[in-house]
Each structure stands twice: as structure tokens, then as C-alpha cells.
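Engineer: Just passing along the structure, written as C-alpha cells.
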Amino acid sequence: ISPSVLHIPLDVHTSNVGRKLGLLTRTANDWKAVAELTASLRAIDPVDPVRLDFALFGLGAIEGF
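So the sequence shown is numbered by our numbering: it starts at 11 and just counts up by one.
Rendered as C-alpha cells:
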């Protein structure tokens with residue numbers, strides 16, 4: 011499977027950080043939010059947008075971000 015076709019796994023950390031960084035505007039954590047955040051990440055890295063998942067999760071796991 012090509013990394014370029016994967017979708018980001020959405021959890022509370024990735025969604026909150028995505029919103030704070032302006033990568034996600036949708037307030038609900040649903041499939042449309044997955045599509046929106048993945049599209050935003052594809053604009054940054056079209057070859058492997060999901061590689062940014064760890065960075066978003068890590069920032070979200072830090073208290074106070």
C-alpha cells in the first residue's frame with residue numbers, strides 16, 4: 011500500500027493539535043475530519059502525509075500545548 015493513499019488515524023490528540031495549527035476546522039471527530047486533516051497534511055507532504063501523525067500526537071500528549 012502506498013503511503014500517499016493512507017488516512018491519518020484521528021484521536022483526541024491529533025484532532026486538537028490539528029485544530030490549534032489550523033490544519034482542521036471541523037469540530038466533530040468523524041470521518042469528514044479525517045478527510046480534512048489528511049488533505050491538509052497531503053499539502054505538506056503528498057508522498058507520505060501520515061508520517062506527521064506522530065508529531066501531532068506527541069504535541070497533543072504534552073500538557074499545556
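All residues carry an ideal CB built from backbone N, CA and C; glycine is no exception.
What residue range is occupied by the uninterrupted alpha helix (DSSP H) comprising His23?
Structural biologist: That run of the alpha helix (DSSP H) goes Val22 to Lys30.
Engineer: If you follow the alpha helix (DSSP H) that Arg52 is part of, which residue opens it and which one closes it?
Structural biologist: Arg52 -> alpha helix (DSSP H) spans Trp41 to Ile54.
Engineer: Using the C-alpha atoms, what's the distance from Leu69 back to Asp21?
Structural biologist: Computed Cα separation, rounded: 13 angstroms.
Engineer: Shortest alpha-carbon distance to Gly74 belongs to which of Ser14, His23 and Ser12?
Structural biologist: Closest option to Gly74, Cα to Cα, is His23.
Engineer: By Cβ distance, which residues of its chain are closer than 6 angstroms to Leu16, with the 5 residues on each side in sequence left out?
Structural biologist: Answer for Leu16: Val60, listed in chain order.
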